[in-house]
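Per mature numbering (1 follows the signal peptide of the UniProt record, and there is no 0), the sequence shown runs over residues -36 to -1, 1 to 502. Positions of the beta carbon are idealized from the N, C-alpha and C atoms, including for glycine.
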Amino acid sequence: MEGEQWQPGPHVSNALRARMCVCVCVCVCCGGGTCGQPWSLWEGIVATLLSYQREGTRNHLCCWSPWEQTCGHPRILWEQTYGHPGTSWESTQGLFWFPTGGDPRKPWSWSPWRGPAPCTTTSLRHPGHAPPRLLARPGPRPRNRRAWARPGERRAHSGSPDARRPCAPVRVPAPPRAQARQGGEWPGGGGGMRLLFLAVLRRHTGNAVTAQRIRDHLEAAGHVCILKDAFDFGSPSEIANFIKAENLEAAVALHLYRGGRLVQGHGIPFGIIFGGTDLNEDVNHGEKNKVMGKVLEEARFAVAFTESMKEMAQTQWPHARGKIYVQNQGIATVPNATFNWNTFLQHSEINQSADSLHVFLLICGLRQVKDPLYLVEAFSEWHQEEPNVYMVIVGPEVDPVFTREVKAKVKRTPGVRLIGEMAQEDLHAVVKNCFAVVNSSVSEGMSAAILEAMDLEVPVLARNIPGNAAVVTHEVTGLLFSNPQEFVRLAKRLVSDPALEKEIVANAREYVREHHSWQVERNTYRHLIRTLQRSIED
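Here it is in C-alpha coordinates:
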(Lines of atoms letter the chains of each structure in order from A and count residues from 1; the text may use other names and numbers.)
(Lines give C-alpha, C1' and ligand atoms only; values in the text may rest on other atoms or scores of the structure.)
Protein backbone atom coordinates (compact mmCIF):
# COMPACT_ATOMS: atom_id res chain seq x y z
CA MET A 1 0.00 0.00 0.00
CA GLU A 2 1.12 3.53 -0.70
CA GLY A 3 1.55 6.21 1.90
CA GLU A 4 2.37 6.12 5.56
CA GLN A 5 1.35 2.83 7.11
CA TRP A 6 0.19 2.36 10.67
CA GLN A 7 2.08 -0.13 12.80
CA PRO A 8 0.40 -1.67 15.85
CA GLY A 9 2.28 -1.34 19.14
CA PRO A 10 4.31 -4.15 20.65
CA HIS A 11 1.51 -4.97 23.09
CA VAL A 12 -0.72 -6.20 20.25
CA SER A 13 -0.66 -9.95 19.86
CA ASN A 14 -0.09 -11.67 16.54
CA ALA A 15 -3.60 -13.09 16.70
CA LEU A 16 -5.05 -9.62 17.09
CA ARG A 17 -2.87 -8.33 14.25
CA ALA A 18 -4.33 -11.01 11.99
CA ARG A 19 -7.90 -10.21 13.02
CA MET A 20 -7.34 -6.51 12.44
CA CYS A 21 -6.04 -7.25 8.95
CA VAL A 22 -9.24 -9.16 8.27
CA CYS A 23 -11.27 -6.16 9.41
CA VAL A 24 -9.36 -3.86 7.10
CA CYS A 25 -9.68 -6.17 4.11
CA VAL A 26 -13.43 -6.53 4.60
CA CYS A 27 -13.82 -2.78 4.67
CA VAL A 28 -11.74 -2.32 1.53
CA CYS A 29 -13.59 -4.95 -0.43
CA CYS A 30 -17.01 -3.74 0.63
CA GLY A 31 -16.34 -0.01 0.68
CA GLY A 32 -18.18 0.52 -2.58
CA GLY A 33 -21.26 -1.18 -1.18
CA THR A 34 -21.47 0.76 2.04
CA CYS A 35 -21.00 4.36 1.10
CA GLY A 36 -21.06 4.45 -2.67
CA GLN A 37 -17.33 4.96 -3.09
CA PRO A 38 -15.22 2.95 -5.54
CA TRP A 39 -13.08 0.45 -3.64
CA SER A 40 -9.89 1.85 -5.16
CA LEU A 41 -10.23 4.96 -3.02
CA TRP A 42 -9.70 2.87 0.07
CA GLU A 43 -6.28 1.60 -1.00
CA GLY A 44 -4.55 4.77 0.12
CA ILE A 45 -6.14 5.04 3.55
CA VAL A 46 -6.35 1.52 4.89
CA ALA A 47 -3.13 2.06 6.79
CA THR A 48 -4.83 4.46 9.17
CA LEU A 49 -8.11 2.61 9.59
CA LEU A 50 -7.57 0.90 12.94
CA SER A 51 -5.36 1.32 15.96
CA TYR A 52 -5.39 -0.53 19.18
CA GLN A 53 -4.92 0.88 22.63
CA ARG A 54 -5.00 -0.38 26.17
CA GLU A 55 -6.52 1.72 28.94
CA GLY A 56 -6.33 0.22 32.40
CA THR A 57 -7.89 -3.22 32.36
CA ARG A 58 -10.27 -2.53 29.49
CA ASN A 59 -9.32 -3.13 25.88
CA HIS A 60 -10.67 -0.97 23.09
CA LEU A 61 -10.40 -0.76 19.38
CA CYS A 62 -9.84 2.82 18.39
CA CYS A 63 -11.26 3.56 14.93
CA TRP A 64 -9.49 6.22 12.95
CA SER A 65 -12.49 6.60 10.74
CA PRO A 66 -11.70 7.47 7.10
CA TRP A 67 -15.38 7.59 6.19
CA GLU A 68 -15.52 11.36 6.24
CA GLN A 69 -12.64 11.53 3.84
CA THR A 70 -14.57 9.61 1.19
CA CYS A 71 -18.26 10.33 1.52
CA GLY A 72 -18.78 12.99 4.16
CA HIS A 73 -20.31 10.68 6.73
CA PRO A 74 -20.17 12.16 10.22
CA ARG A 75 -18.02 10.62 12.92
CA ILE A 76 -20.09 7.91 14.51
CA LEU A 77 -20.03 6.12 17.83
CA TRP A 78 -20.29 2.46 16.96
CA GLU A 79 -22.75 1.73 19.75
CA GLN A 80 -24.95 4.38 18.16
CA THR A 81 -24.73 2.98 14.65
CA TYR A 82 -25.24 -0.67 15.44
CA GLY A 83 -28.91 -1.33 14.89
CA HIS A 84 -29.52 2.28 13.83
CA PRO A 85 -31.90 1.61 10.89
CA GLY A 86 -32.51 3.44 7.69
CA THR A 87 -29.08 4.91 6.94
CA SER A 88 -26.14 3.73 4.95
CA TRP A 89 -24.65 2.50 8.22
CA GLU A 90 -27.11 -0.41 8.15
CA SER A 91 -24.79 -2.23 5.80
CA THR A 92 -21.74 -1.09 7.74
CA GLN A 93 -22.73 -2.64 11.04
CA GLY A 94 -21.75 -6.11 9.85
CA LEU A 95 -18.34 -5.08 8.55
CA PHE A 96 -16.56 -4.24 11.79
CA TRP A 97 -16.34 -7.00 14.34
CA PHE A 98 -14.78 -6.08 17.62
CA PRO A 99 -12.88 -8.32 20.07
CA THR A 100 -15.06 -6.93 22.87
CA GLY A 101 -18.70 -7.10 23.80
CA GLY A 102 -19.17 -10.66 22.57
CA ASP A 103 -19.45 -13.95 24.41
CA PRO A 104 -17.89 -13.22 27.86
CA ARG A 105 -16.52 -16.78 27.96
CA LYS A 106 -14.40 -16.03 24.89
CA PRO A 107 -12.20 -12.99 25.45
CA TRP A 108 -11.62 -12.46 21.73
CA SER A 109 -15.12 -13.25 20.55
CA TRP A 110 -15.84 -11.48 17.27
CA SER A 111 -19.26 -9.92 17.47
CA PRO A 112 -20.80 -6.52 16.71
CA TRP A 113 -19.93 -3.89 19.27
CA ARG A 114 -22.65 -3.73 21.91
CA GLY A 115 -20.93 -2.11 24.89
CA PRO A 116 -20.45 -1.75 27.75
CA ALA A 117 -18.85 1.54 26.68
CA PRO A 118 -18.76 3.25 23.29
CA CYS A 119 -15.81 2.60 21.06
CA THR A 120 -13.42 5.51 21.05
CA THR A 121 -13.74 7.24 17.73
CA THR A 122 -11.65 9.90 16.09
CA SER A 123 -12.42 11.21 12.63
CA LEU A 124 -10.68 13.39 10.12
CA ARG A 125 -13.02 15.88 8.48
CA HIS A 126 -12.10 16.91 4.97
CA PRO A 127 -12.55 20.71 4.70
CA GLY A 128 -15.73 21.82 3.03
CA HIS A 129 -17.53 18.46 3.04
CA ALA A 130 -20.40 18.30 5.49
CA PRO A 131 -22.28 15.05 6.10
CA PRO A 132 -25.37 14.49 3.91
CA ARG A 133 -28.49 15.77 5.66
CA LEU A 134 -30.60 12.83 4.62
CA LEU A 135 -28.40 10.40 6.53
CA ALA A 136 -29.91 11.69 9.75
CA ARG A 137 -32.60 9.73 11.51
CA PRO A 138 -35.13 11.06 14.06
CA GLY A 139 -32.15 11.49 16.40
CA PRO A 140 -29.84 9.42 18.54
CA ARG A 141 -31.07 7.79 21.67
CA PRO A 142 -30.63 10.10 24.68
CA ARG A 143 -27.80 7.99 26.03
CA ASN A 144 -25.86 8.64 22.85
CA ARG A 145 -26.11 12.42 22.90
CA ARG A 146 -22.53 13.09 23.89
CA ALA A 147 -20.17 15.84 22.85
CA TRP A 148 -17.71 14.94 20.14
CA ALA A 149 -13.99 15.38 20.57
CA ARG A 150 -12.57 18.67 19.44
CA PRO A 151 -10.13 18.53 16.52
CA GLY A 152 -6.82 17.08 17.66
CA GLU A 153 -8.31 15.27 20.64
CA ARG A 154 -9.45 11.71 21.22
CA ARG A 155 -12.76 11.31 23.07
CA ALA A 156 -12.40 8.48 25.55
CA HIS A 157 -15.39 6.56 26.87
CA SER A 158 -17.51 8.25 29.50
CA GLY A 159 -16.06 7.98 32.95
CA SER A 160 -12.47 7.87 31.76
CA PRO A 161 -10.20 10.18 33.78
CA ASP A 162 -8.62 11.45 30.58
CA ALA A 163 -11.77 11.91 28.55
CA ARG A 164 -10.05 14.70 26.64
CA ARG A 165 -6.39 14.39 25.79
CA PRO A 166 -4.31 15.23 22.75
CA CYS A 167 -3.87 12.44 20.26
CA ALA A 168 -1.11 11.94 17.76
CA PRO A 169 -1.89 13.32 14.30
CA VAL A 170 -2.87 10.74 11.73
CA ARG A 171 -1.78 11.27 8.16
CA VAL A 172 -4.13 10.01 5.49
CA PRO A 173 -2.32 9.73 2.16
CA ALA A 174 -3.99 11.34 -0.81
CA PRO A 175 -5.21 9.12 -3.66
CA PRO A 176 -3.16 8.92 -6.83
CA ARG A 177 -3.76 11.90 -9.07
CA ALA A 178 -4.70 9.59 -11.90
CA GLN A 179 -7.82 8.64 -9.97
CA ALA A 180 -9.16 12.18 -9.81
CA ARG A 181 -10.79 13.88 -12.76
CA GLN A 182 -12.64 17.14 -13.01
CA GLY A 183 -15.69 15.63 -11.39
CA GLY A 184 -13.91 13.36 -8.98
CA GLU A 185 -11.74 15.37 -6.63
CA TRP A 186 -11.18 13.50 -3.42
CA PRO A 187 -13.31 12.95 -1.33
CA GLY A 188 -15.85 11.43 -3.67
CA GLY A 189 -13.37 11.07 -6.51
CA GLY A 190 -12.36 8.03 -8.47
CA GLY A 191 -13.14 9.12 -12.02
CA GLY A 192 -16.41 11.03 -11.60
CA MET A 193 -18.25 13.04 -14.25
CA ARG A 194 -19.75 16.49 -14.39
CA LEU A 195 -23.50 15.88 -14.54
CA LEU A 196 -26.49 18.10 -15.24
CA PHE A 197 -29.58 17.08 -13.24
CA LEU A 198 -32.81 18.69 -14.45
CA ALA A 199 -35.99 18.56 -12.36
CA VAL A 200 -38.96 20.70 -11.39
CA LEU A 201 -37.76 22.21 -8.13
CA ARG A 202 -40.75 23.91 -6.57
CA ARG A 203 -39.84 24.28 -2.91
CA HIS A 204 -41.06 21.66 -0.46
CA THR A 205 -42.63 19.46 -3.13
CA GLY A 206 -42.14 15.74 -3.59
CA ASN A 207 -40.23 16.25 -6.85
CA ALA A 208 -37.78 18.63 -5.18
CA VAL A 209 -37.16 16.25 -2.27
CA THR A 210 -36.65 13.31 -4.65
CA ALA A 211 -34.27 15.31 -6.84
CA GLN A 212 -32.17 16.44 -3.89
CA ARG A 213 -31.94 12.90 -2.55
CA ILE A 214 -30.85 11.46 -5.91
CA ARG A 215 -28.35 14.28 -6.34
CA ASP A 216 -26.80 13.22 -3.02
CA HIS A 217 -26.53 9.66 -4.37
CA LEU A 218 -24.74 10.83 -7.50
CA GLU A 219 -22.34 13.05 -5.60
CA ALA A 220 -21.56 10.23 -3.17
CA ALA A 221 -20.51 8.16 -6.19
CA GLY A 222 -17.84 10.73 -7.00
CA HIS A 223 -19.64 12.90 -9.55
CA VAL A 224 -20.19 16.63 -9.64
CA CYS A 225 -23.97 17.02 -9.97
CA ILE A 226 -25.40 20.42 -10.92
CA LEU A 227 -29.09 20.41 -10.00
CA LYS A 228 -31.15 22.91 -12.00
CA ASP A 229 -34.85 23.71 -12.28
CA ALA A 230 -36.22 22.78 -15.69
CA PHE A 231 -38.26 25.98 -15.68
CA ASP A 232 -35.03 28.02 -15.61
CA PHE A 233 -34.49 27.15 -19.28
CA GLY A 234 -36.81 28.45 -21.95
CA SER A 235 -35.39 26.50 -24.87
CA PRO A 236 -32.95 23.70 -25.78
CA SER A 237 -30.46 26.33 -26.98
CA GLU A 238 -30.21 27.72 -23.44
CA ILE A 239 -29.47 24.22 -22.19
CA ALA A 240 -26.83 23.80 -24.92
CA ASN A 241 -25.09 26.99 -23.84
CA PHE A 242 -25.20 25.92 -20.20
CA ILE A 243 -23.75 22.49 -21.01
CA LYS A 244 -20.89 24.10 -22.89
CA ALA A 245 -20.21 26.74 -20.24
CA GLU A 246 -20.15 24.21 -17.40
CA ASN A 247 -18.24 21.56 -19.38
CA LEU A 248 -20.93 18.97 -18.60
CA GLU A 249 -20.39 15.40 -19.74
CA ALA A 250 -23.79 13.74 -19.11
CA ALA A 251 -27.27 14.49 -17.81
CA VAL A 252 -30.18 13.09 -15.81
CA ALA A 253 -33.74 14.41 -16.03
CA LEU A 254 -36.57 13.87 -13.56
CA HIS A 255 -39.86 13.90 -15.54
CA LEU A 256 -39.87 12.55 -19.07
CA TYR A 257 -41.51 15.59 -20.66
CA ARG A 258 -40.54 18.62 -18.57
CA GLY A 259 -36.92 17.58 -18.13
CA GLY A 260 -36.35 14.99 -20.85
CA ARG A 261 -37.21 17.19 -23.83
CA LEU A 262 -34.54 19.69 -22.73
CA VAL A 263 -31.60 17.28 -22.42
CA GLN A 264 -31.99 15.44 -25.73
CA GLY A 265 -30.08 16.35 -28.86
CA HIS A 266 -26.99 17.85 -27.22
CA GLY A 267 -24.53 15.05 -27.91
CA ILE A 268 -24.16 13.98 -24.29
CA PRO A 269 -25.54 10.71 -22.84
CA PHE A 270 -28.46 11.05 -20.46
CA GLY A 271 -30.89 9.05 -18.35
CA ILE A 272 -34.52 9.66 -17.42
CA ILE A 273 -36.49 9.25 -14.19
CA PHE A 274 -40.27 9.12 -14.66
CA GLY A 275 -42.13 11.57 -12.46
CA GLY A 276 -45.81 10.65 -12.39
CA THR A 277 -47.73 13.24 -14.37
CA ASP A 278 -45.62 12.42 -17.42
CA LEU A 279 -47.10 8.89 -17.49
CA ASN A 280 -50.49 9.67 -15.94
CA GLU A 281 -51.39 12.89 -17.78
CA ASP A 282 -48.91 14.09 -20.42
CA VAL A 283 -49.08 10.75 -22.18
CA ASN A 284 -52.68 11.56 -23.18
CA HIS A 285 -51.63 14.65 -25.16
CA GLY A 286 -50.60 13.67 -28.68
CA GLU A 287 -47.73 16.11 -29.18
CA LYS A 288 -46.28 15.52 -25.71
CA ASN A 289 -46.54 11.76 -26.20
CA LYS A 290 -44.56 12.03 -29.43
CA VAL A 291 -41.86 14.17 -27.82
CA MET A 292 -41.50 11.78 -24.89
CA GLY A 293 -41.15 8.83 -27.26
CA LYS A 294 -38.24 10.55 -29.01
CA VAL A 295 -36.61 11.31 -25.66
CA LEU A 296 -36.77 7.63 -24.70
CA GLU A 297 -35.18 6.65 -28.01
CA GLU A 298 -32.10 8.68 -27.13
CA ALA A 299 -32.01 7.98 -23.37
CA ARG A 300 -29.51 5.38 -22.14
CA PHE A 301 -31.80 4.33 -19.29
CA ALA A 302 -35.14 5.21 -17.70
CA VAL A 303 -36.20 4.64 -14.09
CA ALA A 304 -39.78 3.91 -13.00
CA PHE A 305 -40.79 3.95 -9.33
CA THR A 306 -43.17 1.00 -9.69
CA GLU A 307 -43.79 -2.01 -11.93
CA SER A 308 -47.10 -0.50 -13.05
CA MET A 309 -45.30 2.66 -14.22
CA LYS A 310 -42.83 0.51 -16.14
CA GLU A 311 -45.66 -1.40 -17.82
CA MET A 312 -47.42 1.84 -18.77
CA ALA A 313 -44.24 3.20 -20.35
CA GLN A 314 -43.53 -0.01 -22.25
CA THR A 315 -47.09 -0.07 -23.56
CA GLN A 316 -46.83 3.50 -24.83
CA TRP A 317 -43.29 3.20 -26.22
CA PRO A 318 -42.45 -0.44 -27.02
CA HIS A 319 -39.06 0.59 -28.41
CA ALA A 320 -37.99 1.47 -24.85
CA ARG A 321 -38.24 -2.11 -23.60
CA GLY A 322 -34.92 -3.20 -22.20
CA LYS A 323 -33.87 0.21 -20.95
CA ILE A 324 -36.56 0.80 -18.28
CA TYR A 325 -35.64 -0.17 -14.73
CA VAL A 326 -37.76 -0.22 -11.57
CA GLN A 327 -36.36 1.41 -8.44
CA ASN A 328 -38.67 2.25 -5.57
CA GLN A 329 -38.07 5.56 -3.87
CA GLY A 330 -35.69 5.38 -0.94
CA ILE A 331 -36.95 7.00 2.23
CA ALA A 332 -35.12 8.82 5.01
CA THR A 333 -37.08 10.90 7.53
CA VAL A 334 -35.59 13.68 9.64
CA PRO A 335 -38.19 15.10 12.08
CA ASN A 336 -37.17 18.25 13.91
CA ALA A 337 -36.57 17.20 17.52
CA THR A 338 -37.31 20.73 18.79
CA PHE A 339 -40.63 21.10 16.96
CA ASN A 340 -43.49 22.21 19.22
CA TRP A 341 -46.74 20.43 18.37
CA ASN A 342 -48.89 22.65 20.59
CA THR A 343 -47.57 25.76 18.87
CA PHE A 344 -48.42 24.21 15.52
CA LEU A 345 -51.98 23.53 16.68
CA GLN A 346 -52.37 27.11 17.87
CA HIS A 347 -51.07 28.37 14.54
CA SER A 348 -53.65 26.13 12.85
CA GLU A 349 -56.37 27.68 15.04
CA ILE A 350 -57.13 24.36 16.71
CA ASN A 351 -57.89 25.31 20.29
CA GLN A 352 -58.30 21.91 21.90
CA SER A 353 -56.15 19.73 24.09
CA ALA A 354 -53.70 17.70 22.05
CA ASP A 355 -54.52 14.62 24.12
CA SER A 356 -58.08 14.37 22.78
CA LEU A 357 -57.38 15.39 19.18
CA HIS A 358 -57.27 13.29 16.04
CA VAL A 359 -55.54 15.30 13.32
CA PHE A 360 -55.66 13.93 9.77
CA LEU A 361 -52.85 15.44 7.72
CA LEU A 362 -53.13 15.95 3.95
CA ILE A 363 -49.73 16.85 2.44
CA CYS A 364 -49.78 18.15 -1.13
CA GLY A 365 -48.91 21.03 -3.38
CA LEU A 366 -52.03 23.06 -4.12
CA ARG A 367 -52.79 21.97 -7.67
CA GLN A 368 -55.72 20.15 -9.21
CA VAL A 369 -54.02 16.78 -9.69
CA LYS A 370 -53.65 16.53 -5.90
CA ASP A 371 -57.38 17.22 -5.41
CA PRO A 372 -57.10 18.59 -1.84
CA LEU A 373 -60.81 19.51 -1.73
CA TYR A 374 -61.97 15.96 -2.49
CA LEU A 375 -62.67 15.07 1.15
CA VAL A 376 -63.41 18.50 2.60
CA GLU A 377 -67.23 18.37 2.67
CA ALA A 378 -67.47 14.83 4.03
CA PHE A 379 -64.83 15.50 6.66
CA SER A 380 -66.53 18.69 7.80
CA GLU A 381 -69.77 16.79 8.38
CA TRP A 382 -67.87 14.28 10.52
CA HIS A 383 -66.20 17.12 12.46
CA GLN A 384 -69.60 18.55 13.34
CA GLU A 385 -70.52 15.17 14.83
CA GLU A 386 -67.15 14.73 16.57
CA PRO A 387 -65.46 18.11 17.19
CA ASN A 388 -62.13 16.50 18.16
CA VAL A 389 -61.32 15.43 14.57
CA TYR A 390 -59.60 17.88 12.23
CA MET A 391 -58.15 17.81 8.74
CA VAL A 392 -55.06 19.95 8.17
CA ILE A 393 -53.88 20.54 4.58
CA VAL A 394 -50.17 21.38 4.32
CA GLY A 395 -48.34 22.31 1.14
CA PRO A 396 -46.94 24.97 -1.17
CA GLU A 397 -49.07 27.18 -3.41
CA VAL A 398 -48.24 25.67 -6.80
CA ASP A 399 -51.21 26.83 -8.91
CA PRO A 400 -52.17 30.43 -7.92
CA VAL A 401 -55.69 30.27 -9.35
CA PHE A 402 -56.47 26.92 -7.77
CA THR A 403 -54.89 28.06 -4.50
CA ARG A 404 -57.42 30.89 -4.23
CA GLU A 405 -60.23 28.37 -4.71
CA VAL A 406 -58.82 26.11 -1.98
CA LYS A 407 -58.40 28.98 0.47
CA ALA A 408 -61.94 30.21 -0.08
CA LYS A 409 -63.40 26.72 0.39
CA VAL A 410 -61.40 25.92 3.52
CA LYS A 411 -62.22 29.28 5.10
CA ARG A 412 -65.92 28.50 5.16
CA THR A 413 -65.60 24.80 6.06
CA PRO A 414 -65.59 23.84 9.77
CA GLY A 415 -63.00 21.28 10.88
CA VAL A 416 -60.58 21.87 7.99
CA ARG A 417 -57.44 24.00 8.18
CA LEU A 418 -54.90 25.12 5.57
CA ILE A 419 -51.21 25.66 6.35
CA GLY A 420 -48.56 26.86 3.93
CA GLU A 421 -45.37 25.09 2.96
CA MET A 422 -43.03 23.89 5.69
CA ALA A 423 -39.40 22.90 5.96
CA GLN A 424 -38.91 19.16 5.51
CA GLU A 425 -37.74 18.56 9.08
CA ASP A 426 -40.73 20.43 10.52
CA LEU A 427 -43.12 18.61 8.19
CA HIS A 428 -41.77 15.25 9.34
CA ALA A 429 -42.31 16.35 12.94
CA VAL A 430 -45.93 17.24 12.13
CA VAL A 431 -46.41 13.83 10.51
CA LYS A 432 -44.99 12.13 13.57
CA ASN A 433 -47.47 13.94 15.84
CA CYS A 434 -50.63 13.64 13.74
CA PHE A 435 -53.07 10.74 13.96
CA ALA A 436 -52.99 9.75 10.28
CA VAL A 437 -51.73 10.93 6.90
CA VAL A 438 -54.21 11.25 4.02
CA ASN A 439 -53.67 11.19 0.25
CA SER A 440 -56.54 12.19 -2.06
CA SER A 441 -54.65 12.66 -5.35
CA VAL A 442 -56.21 11.95 -8.73
CA SER A 443 -52.90 10.43 -9.86
CA GLU A 444 -49.53 9.70 -8.27
CA GLY A 445 -46.19 8.34 -9.34
CA MET A 446 -45.10 7.28 -5.88
CA SER A 447 -46.14 9.47 -2.96
CA ALA A 448 -43.17 10.34 -0.76
CA ALA A 449 -45.58 11.61 1.92
CA ILE A 450 -47.18 8.17 2.20
CA LEU A 451 -43.81 6.43 2.50
CA GLU A 452 -42.53 8.96 5.03
CA ALA A 453 -45.64 8.45 7.16
CA MET A 454 -45.05 4.69 7.08
CA ASP A 455 -41.43 5.25 8.07
CA LEU A 456 -42.52 7.45 10.98
CA GLU A 457 -45.05 4.82 12.10
CA VAL A 458 -48.15 6.85 11.29
CA PRO A 459 -51.18 5.16 9.64
CA VAL A 460 -52.08 6.09 6.06
CA LEU A 461 -55.46 6.51 4.36
CA ALA A 462 -55.04 6.86 0.61
CA ARG A 463 -57.29 7.24 -2.40
CA ASN A 464 -57.48 3.99 -4.35
CA ILE A 465 -55.50 4.90 -7.47
CA PRO A 466 -52.74 2.82 -9.13
CA GLY A 467 -49.87 4.88 -7.73
CA ASN A 468 -51.16 4.59 -4.16
CA ALA A 469 -52.24 0.96 -4.46
CA ALA A 470 -48.68 0.12 -5.51
CA VAL A 471 -47.43 0.96 -2.00
CA VAL A 472 -50.55 0.60 0.19
CA THR A 473 -52.11 -2.81 0.66
CA HIS A 474 -55.62 -2.34 2.05
CA GLU A 475 -55.93 -3.25 5.74
CA VAL A 476 -52.29 -4.44 5.74
CA THR A 477 -50.03 -1.41 5.29
CA GLY A 478 -52.80 1.19 5.18
CA LEU A 479 -56.40 1.85 4.19
CA LEU A 480 -57.62 2.59 0.65
CA PHE A 481 -60.83 4.48 -0.09
CA SER A 482 -62.70 5.06 -3.34
CA ASN A 483 -65.00 7.93 -2.32
CA PRO A 484 -65.34 10.49 0.51
CA GLN A 485 -67.98 8.48 2.34
CA GLU A 486 -65.75 5.41 2.41
CA PHE A 487 -62.92 7.56 3.71
CA VAL A 488 -65.01 8.74 6.67
CA ARG A 489 -66.10 5.18 7.43
CA LEU A 490 -62.51 3.91 7.40
CA ALA A 491 -61.25 6.88 9.41
CA LYS A 492 -63.87 6.26 12.10
CA ARG A 493 -62.87 2.61 12.19
CA LEU A 494 -59.21 3.54 12.61
CA VAL A 495 -60.00 5.93 15.47
CA SER A 496 -62.06 3.33 17.32
CA ASP A 497 -59.80 0.32 16.73
CA PRO A 498 -56.31 0.76 18.28
CA ALA A 499 -55.42 -2.84 17.43
CA LEU A 500 -55.98 -2.16 13.72
CA GLU A 501 -53.89 0.99 13.93
CA LYS A 502 -51.05 -0.86 15.65
CA GLU A 503 -51.08 -3.69 13.10
CA ILE A 504 -51.12 -1.35 10.10
CA VAL A 505 -48.30 0.77 11.49
CA ALA A 506 -46.09 -2.26 12.17
CA ASN A 507 -46.71 -3.76 8.73
CA ALA A 508 -46.09 -0.44 6.97
CA ARG A 509 -42.83 0.18 8.81
CA GLU A 510 -41.58 -3.27 7.86
CA TYR A 511 -42.65 -2.72 4.26
CA VAL A 512 -40.68 0.53 4.00
CA ARG A 513 -37.60 -1.04 5.51
CA GLU A 514 -37.73 -3.94 3.09
CA HIS A 515 -38.75 -2.21 -0.15
CA HIS A 516 -37.70 1.44 0.15
CA SER A 517 -34.13 1.25 1.36
CA TRP A 518 -32.20 4.47 0.98
CA GLN A 519 -29.00 2.45 0.50
CA VAL A 520 -30.45 0.21 -2.24
CA GLU A 521 -31.65 3.29 -4.10
CA ARG A 522 -28.16 4.78 -3.85
CA ASN A 523 -26.56 1.63 -5.26
CA THR A 524 -29.02 1.48 -8.16
CA TYR A 525 -28.33 5.03 -9.32
CA ARG A 526 -24.61 4.53 -8.91
CA HIS A 527 -24.72 1.56 -11.29
CA LEU A 528 -27.03 3.28 -13.78
CA ILE A 529 -24.78 6.33 -13.97
CA ARG A 530 -21.93 4.04 -14.92
CA THR A 531 -23.77 3.34 -18.18
CA LEU A 532 -23.44 7.03 -19.02
CA GLN A 533 -19.79 6.95 -18.04
CA ARG A 534 -19.13 3.97 -20.29
CA SER A 535 -20.85 5.80 -23.15
CA ILE A 536 -18.38 8.67 -22.77
CA GLU A 537 -15.39 6.33 -22.59
CA ASP A 538 -16.54 4.40 -25.67
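By the DSSP assignment, the alpha helix (DSSP H) with Leu464 in it spans what residues?
Pro462 to His479 is the span of the alpha helix (DSSP H), which, as asked, contains Leu464.
His121 (DSSP reduced to helix, strand or coil)
Any reading at His121 must be qualified, since the residue scores a pLDDT of 35, below 50, and its modelled position is unreliable; no value is offered.
Which of the three DSSP states, helix, strand or coil, is assigned to Ala214?
It is a strand residue.
Rounded C-alpha distance that separates Gln203 from Asp242:
Inspection of the sequence shows that residue 203 is occupied by Ile rather than by Gln. Going from the Cα of Ile203 to the Cα of Asp242 covers about 21 angstroms.
Work out the CA separation of Leu339 and Ser404 for me, nearest whole Å.
Each residue's CA atom was taken as its position, placing Ser404 and Leu339 some 7 angstroms apart.
Pair within 8 angstroms by beta-carbon distance, Val402 and Leu321:
no
Could you tell me which of Val298, Leu444 and Val365 sits nearest to Gly396, measuring between CA atoms?
Correcting the residue identity first, residue 396 is Lys in this sequence and not Gly. Nearest option by C-alpha distance: Val298.
Looking at the structure shown, is Ala434 part of a helix, part of a strand, or coil, going by DSSP?
In the three-state scheme derived from DSSP, where H, G and I count as helix and E and B as strand, Ala434 is classed as coil.
Gly442 versus Gly224: straight-line alpha-carbon distance, rounded:
34 angstroms
Closest residue to Trp346 among Lys192, Ser499, Leu226 and Pro448 (Cα-Cα distance):
Pro448
In the structure shown, what three-state DSSP assignment does Phe308 receive?
helix
Tell me the DSSP secondary structure of His219 in three-state form.
Correct three-state label for His219: coil.
I think Phe399 touches Val323, with their Cβ atoms under 8 angstroms apart; what is that distance to the nearest whole Å?
The C-beta separation of Phe399 from Val323 comes to about 5 angstroms, placing the pair in contact by the 8 angstroms criterion.
Expressed to the nearest angstrom, what Euclidean distance is found between the alpha-carbon atoms of Pro198 and Leu226?
Checking the sequence, you will find Gly at residue 198 rather than Pro. Spanning the two alpha carbons is a distance of roughly 9 angstroms.
Distance between Ser499 and Asp335 (C-alpha atoms, nearest Å):
A straight line joining the alpha-carbon of Asp335 with that of Ser499 spans about 42 angstroms.
Between the CA atoms of Glu439 and Gly239 - distance to the nearest angstrom:
27 angstroms
Asp196 burial status per 10 Å Cβ neighbour count (16 or more: buried)
exposed
Go to His322, then tell me how far its beta strand (DSSP E) extends in each direction, as first and last residue.
His322 to Ile327
Rounding to the nearest angstrom, what Cα-Cα distance links Cys189 and Phe161 in this structure?
One C-alpha to the other measures close to 6 angstroms.
Please report the Cβ distance between Leu425 and Ala455, rounded to the nearest whole angstrom; I am assuming they are in contact, meaning their Cβ atoms lie under 8 angstroms.
6 angstroms
Report the three-state DSSP secondary structure of Leu165 (helix, strand or coil).
coil
Is Val356 closer than 8 angstroms to Ser312 when the C-beta atoms are compared?
yes
Between residue 503 and Gly431, what straight-line distance do the alpha-carbon atoms span, to the nearest angstrom?
Any answer about residue 503 is impossible in this case: the structure gives the chain only from -36 up to 502.
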